[in-house]
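*Asks:*
Residue numbers (the working numbering): 13 to 253.
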């Protein structure tokens, strides 16, 4: 085995960790505004309905990204090397979109996560599903739900950082296997790759949506703003706009 082949898993972990760091850092401040904008646009929506809108937007976004990469491989003069480069961007987009979904659903649930490593832990736990939530629960405790504890209780920062390293490794192994067939599908000629790429990315996106639903549980019945319960059909109060 060459040094390059031997170093590939470590490189994948490093790149994935970097993407997630950037995603939660950039999207963290924007999440509250994103959810608030949806609530202003659909003032009669319940929390469950807003989450459904977040899921639909997410699935449309990742499907479009996957199809675009497949189309790049079919364009004359572009070739597979360009498509492989596009797939690197496609993977980054998928992870960033998944991070936005996880943090936005957390916002709807009233879980405000402001510290970098905690946001990263939340995103990783959602992406991994039950496996990630259980691992998080072992570190933060399960009383009240491990995801909810990320939004409040004093937690050992060193333990969260170590957990994140473990979860990134698990994420790379899990989704590298899932995405491998999609890579070859996206490189098929004559536009077939665009169809397979879009459908495959949507299937992965649905898995993330399922994981998020399992991780967070049922949506709250009412909106909670500044410790005040707001009826499910109430618009945002003027001060929250």
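Glycine included, C-beta positions come from ideal geometry on N, C-alpha and C.
1. For residue 138, name the three-state secondary structure that DSSP assigns.
2. Between residue 172 and residue 133, how many whole angstroms is the CB-CB distance? I'm expecting something under 8 Å.
3. Run the CB neighbour count on residue 169, radius 10 Å, all protein chains shown included, and call it buried at 16 or more, exposed below.
4. From residue 122 to residue 185, what does the alpha carbon distance come to, in whole angstroms?
5. Identify which residue in 136, 151, 116 has its Cα closest to the Cα of residue 30.
6. Roughly how many whole angstroms lie between the Cα atoms of residue 167 and residue 124?
7. How long is the line joining the alpha carbons of residue 44 and residue 34, rounded to whole angstroms?
8. Residues in the same chain with beta-carbon distance under 6 Å from residue 151, minus the five sequence neighbours each way, listed in chain order, please.
9. Considering only the beta carbon of each residue, do residue 73 and residue 109 sit closer than 7 Å?
10. Are residue 231 and residue 104 close, meaning C-beta to C-beta below 7 Å?
11. Under three-state DSSP, which class holds residue 233?
12. Please go through the same chain and pick out, in chain order, the residues whose beta-carbon is closer than 6 Å to the beta-carbon of residue 67, but skip the five residues on each side of it.
13. Please list the terminal residues of the continuous alpha helix (DSSP H) segment that includes residue 159.
14. Are the CB atoms of residue 138 and residue 227 within a distance shorter than 7 Å?
15. Looking only at its chain, what residues have a beta carbon closer than 7 Å to the beta carbon of residue 96, apart from the 5 residues adjacent to it on each side?
16. Under 7 Å, do residue 71 and residue 217 count as touching if we go by C-beta distance?
17. Reducing DSSP to helix, strand and coil, say where residue 168 ends up.
18. Might you give, ordered along the chain, the residues of its own chain that have their beta carbon closer than 6 Å to the beta carbon of residue 223, omitting 5 neighbours on each side?
19. Are the CB atoms of residue 160 and residue 75 within a distance shorter than 7 Å?
20. Are residue 149 and residue 158 closer than 7 Å when you measure CB to CB?
21. So what's residue 54 in DSSP terms, helix, strand or just coil?
22. Around the C-beta of residue 146, are 16 or more other C-beta atoms found within 10 angstroms, so that it is buried, or is it exposed?
23. Alpha carbon to alpha carbon, how far is residue 178 from residue 234? Give it in angstroms, no decimals.
*Replies:* On the basis of the supplied data:
1. helix
2. 5 Å
3. exposed
4. 31 Å
5. Among 136, 151, 116, the Cα nearest to that of residue 30 belongs to 136.
6. 15 Å
7. Roughly 17 Å separates the two Cα atoms.
8. Excluding the 5 residues flanking it on each side, residue 151 has same chain C-beta neighbours closer than 6 Å at 171, 175, in chain order.
9. yes
10. no
11. coil
12. Excluding positions up to five away in sequence, the list reads 221.
13. 158–161
14. yes
15. For residue 96, the predicted structure reports a pLDDT of 38, less than 50, and the residue's modelled location is therefore unreliable. A value from the coordinates is still provided. Taken in chain order, the list of residues that qualify is empty.
16. yes
17. Residue 168 carries a coil assignment under DSSP once its states are collapsed to helix, strand and coil.
18. 138, 141
19. no
20. If you check the CB distance, residue 149 and residue 158 come in under 7 Å.
21. coil
22. With fewer than 16 Cβ atoms within 10 Å of its Cβ, residue 146 is classed as exposed.
23. 35 Å
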